[in-house]
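Residue numbers (my numbering), protein chains in the order written: chain Y, 75 to 408; chain V, 75 to 408.
Everything on this sheet refers to the single structure shown next.
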């Protein structure tokens, strides 16, 4: 596949995901003709490096997208809602990491290992799914193809980087404060996250589920093109800097042995089987940090339902859960 | 109820649970005639305070239990297996916090809020359940009485104090090492626990579940006297010092609305409802530390099964999960 160099913009370039997007474009040697970096006014003039050259961060404006062919957005829903359509009208294909367009029936919601064929249906905007959903569907889709998933009960162990650089800073600041007998300051999270677990990510919907949890329900169905799959989620923030872990209980339509599931995961795109419990080998958040793969282990039979498995799924939420997935979508566009 | 003062021994008195046992006896004003504190030889001669008086820690021996009426054991399974029967033969009632006797059909496994009537069946030894099981059954038993539980899928977020003082020290040491650019030392846990999640507590059984997970299956059934209840567990160690959190998905025989479940929990012994999500009010490990109650919140309908609820259950694993529960059993004996 020859890739013609493109004019690429990154919107929200100085954030945790934006920074990773720029690095991922470089690491994967994405053919960039011109790179433009946009961020909020207080990052204006900041310099970022790409392929050995310094780029100056520009403030985002309505005329920012002239000549841009691919625009990677990670600057929050409000900015995506305002500037996404502007970029699309200017001729760019927008790959948007916010939740703004994900459930829009006219917008493809893409995980390249699962539904790459939907990319071609875009009308200027493609949505990048939520981090906790991406790693779950990368691991479960190959199993679903073999044995059809009926129901998923998932509890997450999500790192603070899911809240962006401010989440990383807050855990860091709180730990330092506690270890130097200063008082703990809370801004990014509703309660102290250091040495604590918070069963709240995003705001609550009237049914008692958080938006983060509802994303796992709705996005999973859309990406896997399986509206019949039932998902019962609990999303929890834990004091980990990088990578989300997930305890996933799956009930299938037909029998799938742990051995066969392991074999399928071993050969599945984007997955790496890490599953040797007697030797304490299983996926770990620390090991997944900075890696591209979705790591799957502790695959074992759940004998409490007819065709059940339990799995432990771990991935770097900023990489595969955000930046890498977006760049992979851009690669499909090529 | 008049309580006649008893001769009490604490075996493993210098450990995390043993220390808490001594404090709990004092805080609850348990009628102690004589107190004897036993620990391993390297704690010999150490002094511990009880009701304003200093007690010298003694080495444990076969003749340690003469005149002892209640012996609280928390010194590991091997010591319980050896010295528990010796203490019972010497006339003491042993309340044992290890897993040594829990599944012995002749030994009551007691959570005072659930099955206090089984205490009287003891033949010298009463078992204190595993911490992660205790908090789950305290919260679920009142719901089970109302609507009968069919199946539980539970994922835990367990603090390092569950591994005793060495677990607490290890998280503390690792965080300090990381923040002072020293290398991290692993002893208590198979991998770095600081800023990581470990899907392994205790060793693995051949079916791929850990002993910690199997305890949640078997002990839940025995305590609730409901061998038909299905439990699908995943036990995870998280970088939290105190209190275990649990994400619990329950399928009932008959309908139980979240509203009714909240009302039941509000009035249930040992439980405290903490459930106002729109105001970010739900149980938290940090808030539960040092408290007696089992805190329950995020009670919401799971519409993916016929009669389903999701709950978030948090309790101090060293208190209600170990020391307090043992002292409560001793109070029933009075």
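In this text, a Cβ means the ideal position worked out from N, Cα and C, and glycines have one as well.
Residue span of the alpha helix (DSSP H) that contains residue i, given as start and end
i: residue 284 of chain Y; result: It is not in any alpha helix (DSSP H) - residue 284 of chain Y carries neither H nor E in the DSSP assignment.
i: residue 210 of chain V; result: 205 to 221
i: residue 240 of chain Y; result: 239 to 253
i: residue 399 of chain Y; result: 398 to 407
i: residue 336 of chain Y; result: 332 to 341
Rounded straight-line distance, which links the Cα of residue j to that of residue i
i: residue 302 of chain V; j: residue 221 of chain V; result: 14 Å
i: residue 332 of chain Y; j: residue 171 of chain V; result: 34 Å
i: residue 355 of chain Y; j: residue 246 of chain Y; result: 28 Å
i: residue 344 of chain V; j: residue 214 of chain V; result: 11 Å
i: residue 373 of chain V; j: residue 385 of chain V; result: 5 Å
i: residue 395 of chain Y; j: residue 206 of chain V; result: 31 Å
i: residue 256 of chain V; j: residue 249 of chain V; result: 10 Å
i: residue 315 of chain V; j: residue 233 of chain V; result: 5 Å
i: residue 401 of chain Y; j: residue 99 of chain Y; result: 7 Å
i: residue 367 of chain Y; j: residue 217 of chain Y; result: 17 Å
i: residue 287 of chain V; j: residue 133 of chain V; result: 33 Å
i: residue 139 of chain V; j: residue 107 of chain V; result: 14 Å
i: residue 253 of chain V; j: residue 120 of chain Y; result: 28 Å
i: residue 113 of chain V; j: residue 393 of chain V; result: 20 Å
i: residue 340 of chain V; j: residue 408 of chain Y; result: 59 Å
i: residue 291 of chain Y; j: residue 152 of chain Y; result: 22 Å
i: residue 158 of chain Y; j: residue 223 of chain Y; result: 34 Å
i: residue 365 of chain Y; j: residue 399 of chain Y; result: 12 Å
i: residue 225 of chain V; j: residue 230 of chain Y; result: 20 Å
i: residue 126 of chain Y; j: residue 293 of chain Y; result: 37 Å
Bounding residues of the beta strand (DSSP E) (the contiguous stretch that carries residue i)
i: residue 305 of chain Y; result: 304 to 308
i: residue 324 of chain V; result: 318 to 326
i: residue 107 of chain V; result: 106 to 113
i: residue 80 of chain V; result: 80 to 85
i: residue 123 of chain Y; result: 121 to 124
i: residue 147 of chain V; result: 144 to 147
i: residue 347 of chain Y; result: 345 to 347
Own chain, CB closer than 6 Å to residue i, minus 5 neighbours either side, in chain order
i: residue 144 of chain Y; result: 80, 82, 167, 404
i: residue 181 of chain V; result: 175, 199, 201
i: residue 397 of chain V; result: 91, 94, 95, 98
i: residue 346 of chain V; result: 367, 369
i: residue 271 of chain V; result: 310, 312
i: residue 154 of chain V; result: 147, 170, 172, 174
i: residue 128 of chain Y; result: 121
i: residue 322 of chain V; result: 228, 385, 387
Reduced DSSP secondary structure (H/G/I, E/B, other) of residue i
i: residue 378 of chain Y; result: coil
i: residue 365 of chain Y; result: coil
i: residue 275 of chain Y; result: coil
i: residue 371 of chain V; result: strand
i: residue 155 of chain V; result: helix
i: residue 267 of chain V; result: coil
i: residue 94 of chain V; result: helix
i: residue 290 of chain V; result: helix
i: residue 169 of chain V; result: strand
i: residue 224 of chain V; result: strand
i: residue 229 of chain Y; result: strand
i: residue 409 of chain V; result: Look at the range of chain V in this structure, 75 to 408, and you will see that residue 409 of chain V is not part of it.
i: residue 132 of chain V; result: strand
i: residue 62 of chain V; result: The structure shown does not extend to residue 62 of chain V, since chain V spans only 75 to 408, so no value can be given for it.
i: residue 384 of chain V; result: strand
i: residue 117 of chain V; result: helix
i: residue 201 of chain V; result: strand
i: residue 163 of chain Y; result: helix
i: residue 127 of chain Y; result: strand
i: residue 358 of chain Y; result: coil
i: residue 176 of chain V; result: coil
i: residue 311 of chain V; result: strand
i: residue 138 of chain V; result: coil
Same chain, Cβ closer than 8 Å to residue i, neighbours up to 5 away in sequence not counted
i: residue 163 of chain V; result: 198
i: residue 391 of chain Y; result: 205, 206, 209, 232, 233, 235, 236, 316, 317, 318
i: residue 190 of chain Y; result: 184, 406
i: residue 118 of chain V; result: 131, 132, 133
Residues of its chain near residue i, where Cβ-Cβ distance is below 7 Å and the 5 sequence neighbours each way are ignored
i: residue 262 of chain Y; result: 237, 240, 241, 244
i: residue 284 of chain V; result: 274, 275, 276, 277, 278, 309
i: residue 358 of chain Y; result: 388
Given a limit of 7 Å on CB to CB distance, which residues of the region 206 to 231 of chain V reach chain Y?
225, 227, 229, 231
Contacting positions in the region 273 to 298 of chain Y - beta carbon closer than 7 Å to chain V
273, 274, 278, 281, 282, 283
Interface residues of the region 247 to 276 of chain V facing chain Y [CB-CB below 8 Å]:
249, 250, 253, 264, 265, 266, 269, 270, 271, 272, 273, 274
Note down, in chain order, all residues in the region 346 to 358 of chain V with a beta-carbon under 7 Å from any beta-carbon belonging to chain Y.
351, 352, 354, 356, 358
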